[in-house]
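For reference, the structure is listed below as structure tokens.
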Amino acid sequence: MTEKIMQTADYLRSQIDRIPDIAIILGTGLGPLADHIENKTEMPYSQIPNMPVSTVEGHSGKLIFGTLGGRPVIAMSGRFHYYEGYDMKQVTFPVRVFQALGVKTLIVSNASGGMNKEFRVGDIMTITDHINLFPENPLRGKNDPRLGVRFPAMTYAYSPRLIRLADEIAAREGIRLLHGVYVGVTGPTFETPSEYEYYRIIGGDCVGMSTVPEVIVANHAGIDVYGISVITDLGGKDVTQVPTHEEVQQAAVIAQPKVVKLVTELVKNI
């Protein structure tokens, strides 16, 4: 795996003059954020050695190099999910490549279902912590000390410094920015009403099918993480609406102006 990571990183270095130290993973429906990246070079995953290919509608499947808020960034327009059939090493392979390239900060975004009764569709939430309900940890197996320590702490999986910075930006820009705990599950089914209630009881505020594996690997790699969830639907025993992938995408697009503003200002000030 290390050989493949370095092969991919070397290829990207050969294609790009300046490698950014900030990376962004764009989740479901949030791909249009890439439209705000300037001076960009786009690379389809299919053209990058060893890179998996996204199969989900709403994930375009390309790596973008450019500037956001005047700062150089790498953006993944489309991520890889466990439910697509990839193993955890494949799901998190791009984060390992970011590590090899010298990325210091990772911003992750996702669309998620809200259990917190104070949440509304279209809200955006800073992830302050997560609960990992995936059946496999991406660090399972022999540890390579060149990539990180055997038992990494997850106490501050989401950087307190970046959370404070996002709060300051949201207050300045008049953005309603919530805090909460993200529950990571396999999917691809949306949750039952009882599952939503269970996730809430164990401490979750929203639930989704991504993000947690990448964040675990980023922490193992020594990369600071800021995570943001767009609340695209609500769930629980008192919610009768049946969510669809199309509605999730639409809700994410509606919330996009707030996400764009927040992420752009965050990148400017990191």
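Just so you know, my numbering puts 121 at position 111 of the sequence shown, and the rest follows in order with no gaps.
Ideal Cβ positions, reconstructed from N, Cα and C, are used throughout, including at glycine.
Buried or exposed, going by whether 16 or more other CB atoms sit within 10 Å of the CB of residue i?
| i | result |
| --- | --- |
| residue 156 | exposed |
| residue 220 | buried |
| residue 133 | buried |
| residue 160 | exposed |
| residue 178 | exposed |
| residue 24 | exposed |
| residue 69 | Confidence at residue 69 is low in this model, with a pLDDT of 48, below 50, so its placement is unreliable and the value that follows should be read with caution. Per the 10 Å Cβ criterion, buried. |
| residue 262 | buried |
| residue 147 | exposed |
| residue 212 | exposed |
| residue 242 | buried |
| residue 266 | buried |
| residue 128 | exposed |
| residue 203 | exposed |
| residue 19 | buried |
| residue 56 | exposed |
When DSSP labels each residue in this structure, what does residue i get in the three-state scheme?
| i | result |
| --- | --- |
| residue 275 | helix |
| residue 146 | coil |
| residue 22 | helix |
| residue 48 | strand |
| residue 123 | strand |
| residue 33 | strand |
| residue 254 | coil |
| residue 286 | For the chain, the structure presents residues 11 to 280; residue 286 sits outside this window and is missing. |
| residue 15 | helix |
| residue 27 | coil |
| residue 267 | helix |
| residue 159 | coil |
| residue 229 | helix |
| residue 107 | helix |
| residue 41 | helix |
What residues are listed by DSSP as bridge partners for residue i?
| i | result |
| --- | --- |
| residue 102 | DSSP lists no partner for residue 102. |
| residue 54 | 72 |
| residue 201 | Per DSSP, none; premise fails for residue 201. |
| residue 237 | 118 |
| residue 139 | 191 |
| residue 243 | 123 |
Three-pair Cβ contact test at 8 Å for the region 46–56 versus the region 130–146:
The region 46–56 vs the region 130–146: no contact.
To test your reading of the DSSP string, which unbroken beta strand (DSSP E) runs of 3 or more residues are found completely within the region 56–98?
You should have 72–78 and 81–87.
Report yes or no: do three or more beta-carbon pairs, one from the region 265–277 and one from the region 77–95, lie closer than 8 Å?
Short answer: they touch.
Just to confirm the assignment: which complete alpha helix (DSSP H) runs, minimum length 4, are found wholly within the region 166–225?
Counting only runs of 4 or more, we get 170–183 and 203–211.
For the region 119–130 against the region 190–201, do three or more pairs of beta-carbon atoms, one drawn from each stretch, fall closer than 8 Å, so that the two count as touching?
The region 119–130 vs the region 190–201: in contact.
For the region 227–237 against the region 211–219, are there 3 or more C-beta pairs whose distance is under 8 Å?
Contact annotation: the region 227–237 does not touch the region 211–219, with fewer than three C-beta pairs closer than 8 Å.
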